[in-house]
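Written below as structure tokens is the structure these notes are about.
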Amino acid sequence: MKISLSLIDDQYPFKGLSNKRVVVRAILFNEQGEVCLHLVSRDDQFGKQEYFETPGGGVEEKETLISALHREIKEEVGCKIKVEEELGVVKDSYNLINRENENHFFLAKVLSKGEPTFKSEGDLLIKETRFYPIDIAIALMGKQEDKGVSILVKRRELPFLRLAKTRLNKYCPNIKKY
Numbered sequence: 605m606k607i608s609l610s611l612i613d614d615q616y617p618f619k620g621l622s623n624k625r626v627v628v629r630a631i632l633f634n635e636q637g638e639v640c641l642h643l644v645s646r647d648d649q650f651g652k653q654e655y656f657e658t659p660g661g662g663v664e665e666k667e668t669l670i671s672a673l674h675r676e677i678k679e680e681v682g683c684k685i686k687v688e689e690e691l692g693v694v695k696d697s698y699n700l701i702n703r704e705n706e707n708h709f710f711l712a713k714v715l716s717k718g719e720p721t722f723k724s725e726g727d728l729l730i731k732e733t734r735f736y737p738i739d740i741a742i743a744l745m746g747k748q749e750d751k752g753v754s755i756l757v758k759r760r761e762l763p764f765l766r767l768a769k770t771r772l773n774k775y776c777p778n779i780k781k782y
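Here the sequence shown stands for residues 605 to 782, numbered as in the numbering used here.
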């Protein structure tokens, strides 16, 4: 089963959507079956907030979804990965920046570790990157504030974390139960 969602930004005033962006995101797991989350800290036009988010970012011109995912994970987490499967797509929007996103989510496994090379302005908002047991990652995402960017990210990402939980045993049969 793949997820297909359309979400609306009900947190910020609608001023029209003039920009479209294709995004790739990974539910990235290590050999212990733990998943990667960024702790994002921002104080900008969206307000002052901290929230969790999966790694990923925009697809550049002439990139495939898969090549973009490899690049984004290398930049943000420093890992080489193996893409195991596509989990689905969510369309969402950010009214403050007049942007509509088409987010493609994938389940991906860490093959080797390295150092992030943060390249984009958005990467500078990443305060911390850690791997968490899937149940803890789901709980952290679920406990995010129900306002602003935090709830928009939670609505976008929580369904994919829950779906990934049902798939991880296929790739990590010895996952610890918490």
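A virtual CB, placed ideally from N, CA and C, is assigned to each residue, including glycine.
From a predicted model like this one, the values you see are computed outputs, not experimental measurements.
When burial is assigned at 16 or more other CB atoms within 10 Å of the CB, is residue i buried or exposed?
| i | result |
| --- | --- |
| THR658 | buried |
| MET605 | exposed |
| LEU715 | exposed |
| GLY718 | exposed |
| GLY660 | buried |
| GLU635 | exposed |
| LEU728 | exposed |
| ASP613 | buried |
| GLU676 | buried |
Helix, strand or coil: how does DSSP classify residue i here?
| i | result |
| --- | --- |
| LEU767 | helix |
| ILE738 | helix |
| LEU728 | helix |
| SER608 | strand |
| ILE779 | coil |
| LEU744 | helix |
| GLU679 | helix |
| SER754 | helix |
Relative to the alpha-carbon of residue i, which residue among the options has its alpha-carbon at the smallest distance?
| i | options | result |
| --- | --- | --- |
| ASN699 | LEU609, SER608, SER610, PRO617 | PRO617 |
| ASN705 | ARG675, GLY692, GLY662 | GLY662 |
| VAL753 | ASP696, VAL681, LYS713, ALA768 | ASP696 |
| VAL681 | GLY651, GLU732, PHE709, LYS666 | GLU732 |
| VAL639 | LYS751, ILE670, ARG760, ALA712 | ALA712 |
| ILE670 | ALA630, LEU643, LYS652, LEU641 | ALA630 |
| ARG734 | GLN615, GLU679, LEU632 | LEU632 |
Could you name the residues of the same chain whose beta carbon sits closer than 6 Å to that of residue i, not counting the 5 residues immediately before and after it, in chain order?
| i | result |
| --- | --- |
| GLN649 | LEU700 |
| GLU654 | SER645 |
| VAL757 | TYR655, GLU657 |
| CYS776 | GLY637 |
| LEU609 | VAL694 |
| LYS684 | LEU715, SER716 |
So, for residue i: in the same chain, excluding its five sequence neighbours on each side, which residues have a beta-carbon less than 7 Å away from its beta-carbon?
| i | result |
| --- | --- |
| ASN773 | ILE779 |
| SER622 | ASN702 |
| GLU664 | ALA672 |
Between residue i and the ligand ATP, is there a pair consisting of the residue's CB and a ligand heavy atom that are separated by less than 7 Å?
| i | result |
| --- | --- |
| ASP696 | Questions concerning the ligand ATP fall outside what the structure shown contains, since it holds no ligand whatsoever. |
Excluding the five sequence neighbours on either side, which residues of its own chain have a C-beta within less than 8 Å of the C-beta of residue i, listed in chain order?
| i | result |
| --- | --- |
| LEU762 | ILE742, MET745, GLY746 |
| GLN748 | TYR655, PHE656, SER754, ILE755, VAL757, LYS758 |
Report yes or no: is there a C-beta of chain B within less than 8 Å of the C-beta of residue i?
| i | result |
| --- | --- |
| ALA768 | Although the question refers to chain B, the structure presented lacks it and comprises just one protein chain. |
Cβ pair count under 8 Å reaching 3, the region 672-690 against the region 741-751: A contact is defined here as three or more CB-CB pairs under 8 Å, and the region 672-690 fails this definition with respect to the region 741-751.
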